[in-house]
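See below for the structure under consideration.
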Amino acid sequence: MSFLRLDDIHKSFGEQVVLAGISLAVEEAQTLVLLGPSGSGKTTLLRILAGFERPERGRVEIDGRDVGGLKPARRNFGMVFQHYALFPHLTVAQNIGFGLAARGTKGPELDSRVGEMLELVELAGFEARAIHEISGGQQQRVALARALAPAPRVLLLDEPLSNLDPGLRERTRRQLRSVLRRVGITAIWVTHEQQEAFDVGDRIALLDDGRVQQLGTAEDLYARPVSPFVADFVGHSSWLRGRGDGTGRVVLAPGVSWEVSCDGDPPAGEVDILLRPEDARLVDPAAGALVGTVRQTRFVGHTTYVEVELAGGALVLVTSVHVPARETKVGVEPLGGRPSPRAFERGSGDR
Ligand SMILES: Nc1ncnc2c1ncn2[C@@H]1O[C@H](COP(=O)(O)OP(=O)(O)OP(=O)(O)O)[C@@H](O)[C@H]1O
Ligand SMILES: [Mg+2]
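Going by the numbering used here, the sequence shown opens with residue 526, and the numbers climb by one from there.
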């Protein structure tokens, strides 16, 4: 049975429905990422978990026990927020020990636990520093140590890296992730960045429109998105139109048909076709593939993205080692045996 369960959570603010039936489960010692656009209710859901907000309907269970009636302090959840919310007038060590001291831990026991936490987040030697004497990344590690010191049952992290510069963000992300794994704590990590979600989440719940649009591993969401919304949110996607013939092939243009993956039965009728850039290649325009004109090329180090405008006006992004000149004619075809092209019933998203 899952360690943490949310069942059919509903929450509105006035007329606005923010959460319209959220059910999720997290296994012990795993990290679940809540990913979603701004305003999708990620923070609201964390606040409901922590007990700061009451849902109109639904249950929160830990280890089989309904905690809905418990006050925040009794739930024993640790929290790390976007803004470090460290106490500026206390030292690093005093910040880390704050929650413990508030519960009556003192003397050698307090010192020893704070020392352990300092080791854990690799800040041994920084205990006497004032908060303004350490960097933003270090401050976020202090916030993590402070949240973990009282040994919470679940750790909630709300955009813990968004105050950091991009370079520091990636390094701090790896440090936080490694601490979570070492401690073996059950965590819920909120972000609106796909890369961060993929990097830290054992599983990811993509939230939009008050609902979980898809729950799965990073690979599930990327390779087997259940809707165009999910596909667009987690990676580069090009969209083409075609007509399914009911056998798993889709006709895109006279004489051009591709084998596609999909959920459920092979599509028959109008479909939208997702193509990931790394699942396609450029070929000779005379090869019987879709034909288009190279509009842009973008070298990104490990590959080059080539943007091709097809005859009908659709833009397709393809990764390529060979870089064609702009305005040349090229053919585009799928590599085959890859997650995309993937077909979606026409009208299953807002395209
Ligand atoms: N206390 C409140 N009173 C009224 N509306 C609220 C309240 N808290 C949140 N909302 C609204 O609920 C919606 C969801 O907010 P929430 O903060 O949960 O989104 P989020 O997914 O965390 O967004 P972000 O990525 O910007 O942090 C927003 O439209 C917000 O304005
Ligand atoms: Mg938020």
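Every residue, glycine too, gets a C-beta built ideally from N, C-alpha and C. Values in this document were obtained by computation on a predicted structure and should not be read as measured data.
| message | Between T716 and ligand 2, is there a pair consisting of the residue's CB and a ligand heavy atom that are separated by less than 6 Å? | response | no
| said: Check whether the region 566-573 and the region 628-645 touch, using three or more Cβ-Cβ pairs below 8 Å as the test. | reply: no
| request: Work out the CA separation of L840 and D724 for me, nearest whole Å. | output: 29 Å
| Within 10 angstroms of its Cβ, does G837 collect 16 or more other Cβ (buried), or is it exposed? | Residue burial is scored here from C-beta neighbours: G837 has fewer than 16 other C-beta atoms within 10 angstroms and is therefore classed as exposed.
| When the Cα of E718 is compared with those of V708, I729 and A712, which residue comes out closest? | I729
| message | Please report the straight-line C-alpha distance between A811 and T853, rounded to a whole angstrom. | response | Using only the alpha carbons, I get a separation of about 13 Å.
| field | Contact the region 680-696 vs the region 590-609: 3+ CB pairs below 8 Å | value | yes
| message | Between which two residues does the alpha helix (DSSP H) holding P691 run? | response | P691 to V708
| request: Answer yes or no: the CB of S563 versus the heavy atoms of ligand 3, is any distance below 6 Å? | output: By its list of ligands, the structure shown excludes ligand 3, since it contains just ligand 1 and ligand 2.
| query | Any heavy atom of ligand 2 closer than 6 Å to the Cβ of K536? | reply | no
| task | Measure from the alpha carbon of Y830 to the alpha carbon of each residue in L815, V848 and A814, then state which is nearest. | result | Cα-wise, what sits closest to Y830 is V848.
| said: Here's the rule I'm using: 16 or more other beta-carbon atoms within 10 Å means buried, otherwise exposed. How should T711 be labelled? | reply: buried
| query | Grouping DSSP H, G and I as helix and E and B as strand, with all else coil, what is L570? | reply | Three-state DSSP puts L570 in a helix.
| field | Inter-residue spacing [alpha-carbon to alpha-carbon] between E870 and S762 | value | 16 Å
| Which residue comes first and which comes last in the alpha helix (DSSP H) that contains D770? | Segment S763 to D770 is the beta strand (DSSP E) holding D770; no alpha helix (DSSP H) there.
| request: Have a look at R628, L860 and G826 and flag the residue whose alpha-carbon is nearest the alpha-carbon of A877. | output: Residue 877 is absent from the model: the chain starts at 526 and stops at 876.
| request: Report the rounded CA-to-CA distance for S687 versus A676, giving the unit in angstroms. | output: 25 Å
| request: Tell me whether G594 is buried or exposed, calling it buried when 16 or more other Cβ atoms sit within 10 Å of its Cβ. | output: exposed
| Three or more C-beta pairs closer than 8 Å, one from the region 771-786 and one from the region 577-590: is that the case here? | Note that the region 771-786 does not touch the region 577-590; fewer than 3 beta-carbon pairs, one per stretch, sit closer than 8 Å.
| said: Under 6 Å: does the beta carbon of T569 sit that close to some heavy atom of ligand 1? | reply: Checking the Cβ of T569 against ligand 1 gives yes.
| Alpha carbon to alpha carbon, how far is T697 from V617? | 17 Å
| Who pairs with H535 in a beta bridge, going by DSSP? | A545 and R582, per the DSSP bridge assignment.
| query | Taking DSSP as the reference, what is the three-state secondary structure of A814? | reply | coil
| field | Inter-stretch contact (C-beta, 8 Å, three-pair minimum) for the region 551-569 and the region 639-654 | value | The region 551-569 is not in contact with the region 639-654.
| Rounded C-alpha distance that separates R579 from G566 | 14 Å
| said: Since P864 and R749 should fall inside the 8 Å C-beta cutoff, what is the C-beta to C-beta distance between them, to a whole number of angstroms? | reply: Sure, about 7 Å apart at Cβ, within 8 Å.
| Looking only at its own chain, which residues have a Cβ that is under 6 Å from the Cβ of D591, when we skip the five neighbours before and after it? | Here D591 has R584 as same chain residues with Cβ atoms under 6 Å from its own Cβ, once five neighbours each way along the sequence are excluded.
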